[in-house]
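Chemist: Below is a structure I'd like to ask you about.
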Amino acid sequence: MSTSSRPVRVRFAPSPTGMLHIGGARTALFNWAYARSQGGKFLLRVEDTDTERHSEQSLQSILDSLRWLGLDWDEGPEVGGEYGPYFQSQRMEHYQQAMERGLQEGWLYRCFATPEELQRQREEARAAKRNWKFDPRFRNLSAQEAEARAQAGEAFVLRFRVPSGQSIVIDDHIRGQVVFSSDEVEDWVAVRPNCMPTYNFVCALDDAAMEISHVIRGEEHLVNTPKQIMVYQALDLEPPQYAHVPLILGKDGKKLSKRTGDTALGDYIAKGYPAPALFNFLCLLGFSIDDKTEIFSREELIQAFDLRRISKAGAIFDTDKLHWLCGDFIRKMPLVELRQALAPFLQEAGLIDADDSDSQPLNQLVAAFQERLSLFSEIVPQARGLFGEFPAYDEKAQKALGGDNVGRILGLVAAALEQESWPPANFAGLVKEVAAAEELGMGKVMKPVRAALTGTLGGPDLGSVLQILGRERSLRRLKECHLALEDSLGQG
RNA sequence: GGCCCCAUCGUCUAGUCUGGCCUAGGACAUCAGGUUUUCAUCCUGGUAACAGGGGUUCGAAUCCCCUUGGGGUCACCA
């Protein structure tokens, strides 16, 4: 059967050695989108052949991250499937068979060179500015001798016998035709001395066993592809189709790394990035629906997804645009949802009680800041000044409070406010009256009032601020500020 | 260094396969105005790119070659 007519089966194959990387998340996303757009299957396979490094905790956090992004898998951990197991550490029998076959058919051979020897050879070659491939001494050792040395207990690895003089052609969906010469490929290690197979070997073996039709992965794997294709050829199987996605770059133009910002999806979750915004943004990195569409839903993506619309060049992770997108999502969220998203951050900061998810002040806070947030966590410093203790006056506020008659004005506003029912029906009108009586512009009154109320000059309209603060706290802040100013006047 | 990939505004990109509709479109950022009691939002407008050089062609951002630049990779990691 030709690969093009095979049912679409794609996989994301994380190695549970840490949190899910942003790049990995996007790769998973593209795989998912392709499967969903083609009516195929999206599977997860855990690459845990390096027993030293993998951890259950990493796996859980990776699965959580994928779920958070809304990437559901049809086969894999926790859901099973017909092609399992989906943990490489549980697939040893499969690999064992292939090893034996490879040894028998001669495309795998035992290499007895020690790591130290190889290391030395590499260094020598580097010093002599020579290219070094591998130690060829064992490539043509007779089967009997190799067998004998193995029997004698000598440690060995299994190397893949790379044929010489061949062209390996990859018809990449994104990159077009890429040709490698087999002469450039070393006799790579397929099986470690402890019998654990290595990545390139199991990857091909499992992709074949799981009938993966399309391998969609990061461009850093492009150079591995010839090795994997050779495994298919040795097994007399047809390789899958490939699509190598460009890398996500940091501000420095290099592969995104911790140096230049958060690289783990978990970091973004913790900081309160809205999931649909991050989902959308990840798509925009290296993919476009058309010349205009910036914001789209999962359904619209599935509808429009096409491997041909993935670009070839690497993309810098543009946090400015991400923040804009997040803010846009937040502005469009129904208030109830936004409140639910914000509540955990406020609770964590001790600004609301665990059972307070629907109080009036909270609802007003949410409404007042909806258009001022780009991340959920940004509500915390804002709420702190309104729900918590009065924050210190910032520089601009101090300046606003330093004008002539400010103390007097605050007193007037406070007095007028005290006469009003609560919440005041028309606070702006009230301020206007005070301003008119004092023959001042409205701003001359609003500014100091705002400063007295919030300690700063920016923020939601004061009508909302009053409601969030409540009558008692509002009046207290105004009066305290008023008194402080009168005092300093009296003294000075 | 070898091999491989890539190259449009500062950034993400459309346009490239199937040359002409491109006086190169959109978005973010930025700048300037407007709305608003401040901030934010919102609206309007501006600045800003086909890396360079050769070809091919009536015509090239688009095809070919070279140069330059950037990236990836060279493990008993994945």
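Numbering-wise, the working numbering comes out as the position in the first sequence, counting from 1, plus 1320.
By construction, the Cβ of each residue, glycine as well, lies at the ideal position given by its N, Cα and C atoms.
Model, not experiment: these values are computed from the prediction.
1. Is it the case that the segment 1373-1391 contacts the segment 1577-1590, given that we only count it when at least three CB pairs across the two stretches are under 8 Å?
2. Which residues does DSSP pair with C1431 in a beta bridge?
3. Would a C-beta distance cut-off of 8 Å place L1642 and F1696 closer than the cut-off?
4. Please say whether Y1429 and L1478 have beta carbons closer to each other than 8 Å?
5. Quick check: the segment 1727-1746 against the segment 1764-1774, are at least 3 beta-carbon pairs closer than 8 Å?
6. Identify the residues that DSSP records as bridge partners of D1492: which are they?
7. When DSSP labels each residue in this structure, what does V1509 get in the three-state scheme?
8. Please say whether E1506 and F1454 have beta carbons closer to each other than 8 Å?
9. Three or more C-beta pairs closer than 8 Å, one from the segment 1563-1583 and one from the segment 1625-1637: is that the case here?
10. Quick check on this structure: which residue in D1556, G1775, A1510 has the alpha carbon closest to the alpha carbon of A1529?
11. Residues in the same chain with beta-carbon distance under 6 Å from K1571, minus the five sequence neighbours each way, listed in chain order, please.
12. If we ignore side chains and look at the alpha-carbon of each, how far apart do Q1410 and Q1380 end up?
13. Under the three-state reduction of DSSP, which class applies to E1395: helix, strand or coil?
14. How do the segment 1459-1469 and the segment 1418-1432 stand: do at least 3 beta-carbon pairs fall below 8 Å, yes or no?
15. According to the Cβ coordinates, are T1337 and R1373 closer than 8 Å?
16. On the three-state DSSP scale, how would you describe S1608?
17. Mind the definition here: the segment 1496-1512 touches the segment 1469-1486 only if three or more C-beta pairs lie below 8 Å; say whether that holds.
18. Is DSSP giving L1363 helix, strand or coil here?
19. Alpha carbon to alpha carbon, what distance is there between N1520 and K1547?
20. Tell me whether K1652 is buried or exposed, calling it buried when 16 or more other Cβ atoms sit within 10 Å of its Cβ.
21. State the Cα-Cα distance for the pair S1677 and S1335, rounded to the nearest angstrom.
22. If distances are taken between C-alpha atoms only, which option among W1452, S1784, E1691 comes closest to A1748?
23. Quick one: using the 10 Å Cβ neighbour count with 16 as the cut-off for buried, is D1526 buried or exposed?
24. Could you tell me which residues DSSP puts in a beta bridge with A1584?
25. By Cβ distance, which residues of its chain are closer than 7 Å to H1534, with the 5 residues on each side in sequence left out?
26. If you compare alpha carbons, which of L1363, E1367, S1378 is closest to G1400?
27. As a quick exercise: from I1699, E1691, E1539, pick the residue whose alpha carbon is nearest that of Q1667.
28. On a CA-only basis, which of I1342, E1657, V1499 is nearest D1485? Give me that one, please.
29. In angstroms, rounded to a whole number, what distance separates the CA positions of P1596 and F1665?
30. Under a Cβ-count criterion, where at least 16 other Cβ atoms within 10 Å of its own Cβ denotes burial, should Y1594 be classed as buried or exposed?
31. Indicate whether L1789 and V1769 have their beta-carbon atoms separated by less than 8 Å.
32. Which residues does DSSP pair with L1569 in a beta bridge?
33. Taking only the alpha-carbon atoms, compute the straight-line gap between M1321 and D1640 and give it to the nearest angstrom.
34. In chain order, what residues of the same chain lie with their CB nearer than 8 Å to the CB of E1437, ignoring the 5 residues before and after it?
35. With a cut-off of 8 Å on the beta carbons, I'd call Q1690 and L1658 a contact; round off their distance for me.
Modeler: Per the coordinate set shown:
1. yes
2. V1477
3. no
4. yes
5. yes
6. G1496, Y1562
7. strand
8. yes
9. yes
10. D1556
11. T1580
12. 18 Å
13. strand
14. yes
15. yes
16. coil
17. yes
18. strand
19. 7 Å
20. exposed
21. 38 Å
22. S1784
23. buried
24. H1341
25. V1328, V1330, Y1354, P1560, Q1561, A1563
26. L1363
27. I1699
28. The sequence as given places Gly at residue 1485; Asp does not occur at that position. Out of I1342, E1657, V1499, V1499 has the C-alpha closest to the C-alpha of G1485.
29. 18 Å
30. Here residue 1594 is Pro; the residue named in the question, Tyr, does not match the sequence. When all chains shown are included, P1594 counts as buried.
31. no
32. K1575, I1636
33. In this prediction, M1321 has a pLDDT of 44, which is less than 50 and means its spatial position is unreliable; what the coordinates show is noted afterwards. Each residue's Cα considered, the two are about 47 Å apart.
34. D1455
35. 6 Å
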